[in-house]
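Under our numbering, the first residue of the sequence shown is numbered 3, with each subsequent residue one higher.
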Amino acid sequence: MAGTQVRHRIGPDIECVSISLAPVSPLADPAVSSVNGFPVRRVPRWWRDFSGALLWGLVLWVTALWMSSGGLNDVGSIGGFMSTFGRLTGLVASALLLVQVFLMARVPFVEQAWGQDHLTRIHRVVGFASFNLMLAHIVLITLGYAATSPLGLWGTIVDFTLNYAGMLLAIAGTLALCMVVVTSVRRARRRMRYESWHLIHLYGYLGAGLALPHQLWTGADFLQSRTATIFWWSAYAACAIAVLVYRIAVPLVMSLTSQLRVVEVRRDAEDVTTVTVAGRNLDDLGAQAGQFFNWRFLGRSGWTRVNPYSLSAAPTSTTLRFTAKHLGDGSAALARLKVGSRVLIEGPYGRLHPGVRTRPKVLLFAAGIGVTPMRALLEALPQEAGQVTILHRVSAQSDLVLGDEIRALAAERGARYVVVDGHRMTGRQSWLPQRAAHLDDVAGLRQIVPDVAEREVYLCGAEAWMVAAESALRGAGVPADAIHVEHFAL
Ligand SMILES: Cc1cc2nc3c(=O)[nH]c(=O)nc-3n(C[C@H](O)[C@H](O)[C@H](O)COP(=O)(O)OP(=O)(O)OC[C@H]3O[C@@H](n4cnc5c(N)ncnc54)[C@H](O)[C@@H]3O)c2cc1C
């Protein structure tokens, strides 16, 4: 097969080398449903609309239940007004708290419709909304009752705490939720180790659980109508089942039946390790190139930790592979993994996979270690020569991760492989290196990928870089729904 090396200039002193070779893949149509014998699963677009509508429908339904049990009947006095809206805010807060739990239960159709990134952002917004409504509920109900009670404000608080069923548990639940919210504020979050933050975050489940008894035992809106009682019990049960099934049972059964073990640990660079695991019937997992799993390696210290890594090679029926940069203790320890170690996984997760593609031309756009899922996508995407470009931004050529593999794959598949190296731009947030400071971000992108606006884009890299890259893509005319991102940090 004849090949050519194409050199691009994106400025007087920046040069990118790309390799372009003759086609090998007969698969050109993005609607194709199999590649290398591996099924490519499409994600129906209506899943997203449906799950979004379900969320708003839930809030409307809860409001309708409140109205039907005399919601606005008692707004004539200031006390009645506060109690009335105190009940409503409490109900919506509970509904959103359940949505919170459900969003993180990793229910496959929700996860595939939105992707972890999007879900995490929604989870954050819904979480803060639910928490604020819960605070409003506590304040309004207390003031509302105190306004009509001879006990006064403090007497009402004591009365609530001591004489209302489930109230002490609800206070404990509120404190647990306060802890989760305080540690989730970005500044606090950045100062904590991931494990500590994650452990505290699990108290959110406790908070939701502890709030339940006071709702079911004393909440007028839970008890007044049979429909409301059935609805709330079912909603709590559905969330509990979703968490137990998808966060615990499915991953455990999957890991045990596939009998995963480490079969190769390859040191790619001083700070990069590639791990291959093998097991049985792995195509039952339904994993696609570019998706990620949460990995836990048994038989070593730190086995309680679970870390997310994206597949850096297309999965096969017997192997899964990822490539990790050593950032902290967990990732550095990968280099010392023993062949034969047992592996537990959760996943596959994420929307960075061939199934979301809607356009024939593709740009795989990555920075640093973010190239690992792109390597897998390059291997698995159905493509004709010239349809796929992989654009990798690195500080220096010596930092190229999986460079040789990508070069060989690009040659085999007829893809373009472009490396843009150089130090980070100072003075402005840009996806380009300092050496291209004379170019604006969109012009730089268009010089390397002139038809970028027609491409489906897969994007992964460091947070700040991704913001600049996404803005350049949008500026160059790529529609938002043709850009698929994976963030390597929470
Ligand atoms: C969806 C996803 C896919 C990823 N894929 C890759 C990959 O293919 N290759 C790669 O090198 N890195 C990948 N990462 C990043 C990788 O998970 C972290 O670098 C790794 O977990 C760090 O763990 P540590 O113990 O070495 O470092 P620590 O010092 O414990 O953590 C360093 C930072 O890594 C992040 N982190 C740690 N543990 C987790 C966790 N369980 N979940 C989410 N973030 C965590 C936190 O932001 C933390 O501040 C991915 C991250 C995510 C969220």
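Idealized CB from N, CA, C, for every residue including glycine.
For residue 351, the enclosing beta strand (DSSP E) covers residues 345-351.
Assigned with DSSP and collapsed to three states, residue 423 falls in strand.
Excluding the 5 residues flanking it on each side, residue 378 has same chain C-beta neighbours closer than 6 Å at 291, 292, 313, 314, 315, 316, in chain order. In this structure, residue 89 has its CB at a distance of at least 7 Å from all heavy atoms of ligand 1.
If you draw a straight line from the Cα of residue 489 to the Cα of residue 354, it comes to about 10 Å. A direct Cα-Cα distance of roughly 20 Å separates residue 309 from residue 369. About 4 Å separates the CB atoms of residue 268 and residue 276; that is less than 8 Å, so the two are in contact. Here the region 208-223 makes contact with the region 150-169; the two share three or more CB pairs at distances below 8 Å.
Counting only the Cα atoms, residue 57 lies some 39 Å from residue 395. For residue 408, the shortest C-beta to heavy atom distance toward ligand 1 is 7 Å or greater.
When DSSP reads this structure, residue 463 sits in a beta bridge with 489.
For residue 322, the closest C-alpha among the options 184, 398, 285, 112 is that of 285. If you draw a straight line from the Cα of residue 207 to the Cα of residue 139, it is about 19 Å long.
Residue 149 sits close to residue 80, with the two beta carbons spaced by under 8 Å.
Note on residue 116: 16 or more other CB atoms within 10 angstroms of its CB, so buried under the neighbour-count rule. Take residue 261, set aside five residues on each side of it, and the residues of its chain with a beta-carbon closer than 6 Å to its own are 281, 282, in chain order.
Set against 7 Å, the gap from the CB of residue 308 to the closest heavy atom of ligand 1 is smaller. With three or more CB-CB distances shorter than 8 Å, the region 434-445 counts as touching the region 474-488. Counting along the chain, residue 134 sits inside no beta strand (DSSP E); it lies in the alpha helix (DSSP H) bounded by residues 110-150. Residue pairing by DSSP puts residue 312 in a beta bridge opposite 294. Of 411, 106, 84, the smallest CA-CA separation from residue 124 is found for 106.
The DSSP-derived three-state label of residue 393 is strand. Rounded to whole angstroms, the separation of the alpha carbons of residue 52 and residue 239 is 21 Å.
Distances taken from the Cβ of residue 331 to the heavy atoms of ligand 1 include one shorter than 7 Å. Here the distance from the Cβ of residue 347 to the nearest heavy atom of ligand 1 is not below 7 Å. Less than 8 Å divides the Cβ of residue 135 from the Cβ of residue 95. Between residue 295 and residue 348, the gap from beta carbon to beta carbon is short of 8 Å.
Around the beta carbon of residue 432, a 10 Å sphere encloses 16 or more other beta carbons of the protein chains shown; the residue is thus reported as buried.
Relative to the Cα of residue 143, the nearest Cα in the group 362, 91, 384 belongs to 91. Taking residue 88 as the centre and dropping the five residues before and after it, the same chain places the C-beta of 139, 142, 143, 146 closer than 7 Å to its C-beta, in chain order. For the pair residue 422 and residue 212, the Cα-to-Cα distance works out to about 53 Å. In the DSSP annotation of this structure, the continuous segment of the beta strand (DSSP E) that includes residue 266 starts and ends at 263-271. Between ligand 1 and residue 299, a heavy atom-to-CB distance of less than 7 Å is absent.
Assignment of beta-bridge partners to residue 366 by DSSP yields 392, 460. When only Cα atoms are considered, residue 429 and residue 412 end up about 34 Å apart. By the Cβ rule, the region 58-77 counts as touching the region 229-243, because three or more pairs are nearer than 8 Å.
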